[in-house]
Amino acid sequence: MSEKNPAVNQDELFRFIDSDTISSEKIVAPRYSYWSSVFRVFFRKKMNIVILVILALIILISFIGPVIFPYDMMENVTNARTYNLSPMAAWDYFGGFSLKWLLGSGPMGNSIFYGVIASSRTSLLLAVICAAINMSVGIIVGSVWGYSRKVDQVMLVIYNIVANVPYILLISVLVYIIGSGFWSFIFALTITGWLGIAYFFRTQVMIIRDREYSLASRCLGTPVSRVISKNILPFLTSVIVTLLATELPSYIGMEVFLSYIGVGLSASIPSLGRMIQQAQSAFLTYPWEFWPPVVVASAITIILYVLGQGLADASDPRTHM
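For the sequence shown, counting from 1, position 285 maps to 294 in the working numbering; every step adds exactly one.
Printed below as a string of structure tokens:
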């Protein structure tokens, strides 16, 4: 056996541990914020930043532009010489370069550039309002629908009846009955638009409602509203964002399509679909009237979808590990 080193102090080899139970149960860890982590993951991709900047510019121009440059589609309707002018011809006629005639004039002498800006504001407002109404009602009803078996029996009957009626046909009939104004059109899009969202959430809630922590909460007498808001919905955050990413562009596409076939918004309201409808006959003759609203509608739809998908991926808890 080796000899002990006399230089080593026995007090340095052993020390007493504090038996304070409160201190021993403390866990030292950095503070975690779910949404801070979501945005950190989201902004990690430079493409998301670029798309977000483009969307911000579109929103800024769409909402501030009509205030600074009011759009009147009938301002030159009595002057046939202003109809269907190319950008160069419009600048020559109106006395030089002007943003107003950057894209030429339309079939009634209206400014295509100002019309696209005003129509983009209409489409964005419509999409945001419809998505807010349908998502809010759909999430609330879907959560209760999936959690309560009694509600499930009633809602399934309602869903099977309404879902068999073509959505486009239902909207068209409602627009013809109540009119084609802005709020009337929103009412037509939201009267049953939430039902499909609610059915989707019903399925998602049924998957996780019988997990151990939810059963434990029910055994402890936790109210249904609190079980849904605390135990179920937080696990569906990424699902909600993913659904929102598809809902927002769909309303813009719906507005453009219905206005294009003459069922959507009234002619007095600037609309991308209405501009495309008016320019379809001049597709080859006056292309500057047809392509700007088509490009803008497509760009807004794609940007909203890609941005929503990026946020949905970032909100997935598995990306934070």
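Heads up, the beta-carbon is just placed ideally off N, CA and C, and yes, glycines get one too. No experiment lies behind these values; they were computed from the predicted model shown.
7 Å CB neighbourhood of residue i in its chain, flanking five on each side removed
i, result
"L253", "A140, M144, G317"
"S275", "S189, G190"
"G282", "E264, V265, F266, L267, S268, Y269, G273"
"N88", "G118"
"L179", "T201"
"Y334", "As displayed, the chain neither begins before 10 nor continues past 330, which places residue 334 out of reach and without an answer."
"V171", "T201, L204"
"I186", "none"
Pair within 8 Å by beta-carbon distance, residue i and residue j
i, j, result
"G155", "R211", "yes"
"S247", "A321", "yes"
"P258", "L204", "no"
"M56", "N85", "no"
"I206", "G151", "yes"
"P279", "A127", "yes"
"L165", "Q213", "no"
"Y80", "T91", "no"
"G319", "K109", "no"
"L183", "I195", "no"
"I63", "L133", "no"
"P302", "I285", "yes"
"V305", "V76", "no"
Buried versus exposed, by CB contacts within 10 Å (16 or more), residue i
i, result
"W192", "exposed"
"R218", "buried"
"M82", "buried"
"A288", "buried"
"E298", "buried"
"W44", "exposed"
"T294", "exposed"
"P243", "exposed"
"E256", "buried"
"L224", "exposed"
"I216", "exposed"
"V250", "buried"
"N93", "buried"
"G230", "exposed"
"F51", "buried"
"G113", "buried"
"P74", "Just to set this straight, residue 74 is Gly in the shown sequence, not Pro. G74 is buried by the Cβ-count criterion."
Three-state secondary structure assigned by DSSP to residue i
i, result
"S280", "coil"
"T310", "helix"
"S128", "helix"
"S114", "strand"
"S120", "strand"
"V86", "coil"
"T199", "helix"
"P79", "coil"
"R53", "coil"
"G271", "coil"
"T231", "coil"
Cut-off 6 Å between Cβ atoms - residues of its own chain near residue i, not counting five sequence neighbours on either side
i, result
"F106", "W100"
"F72", "R130"
"V47", "A323, S324"
"V160", "V153, W154"
Residue-level contact to chain D via CB, residue i, 8 Å cutoff
i, result
"G230", "Going by chain labels, chain D is absent from the structure shown, which holds only one protein chain."
Closest residue to residue i among the options (Cα-Cα distance)
i, options, result
"V146", "Y208, P232, N173", "Y208"
"A291", "E84, S95, I77", "S95"
"L198", "V137, M215, I241", "V137"
"V153", "S234, L165, I249, V59", "S234"
"W300", "I142, L134, V171, I121", "I121"
"F78", "M97, V47, I63, Y123", "Y123"
"I148", "I237, F52, V174", "I237"
"I241", "K159, I170, E221", "E221"
"S181", "R158, P232, G271", "G271"
"A308", "I60, G74, L229", "I60"
"T310", "L135, V163, I58, V171", "L135"
"V315", "I186, V174, I58", "I58"
"S157", "R49, S277, P232", "P232"
Residues of its chain near residue i, where Cβ-Cβ distance is below 8 Å and the 5 sequence neighbours each way are ignored
i, result
"I70", "I126, S129"
"N42", "Per the sequence presented here, residue 42 reads as Ser, with Asn not at that position. The answer is none, since no qualifying residue turns up."
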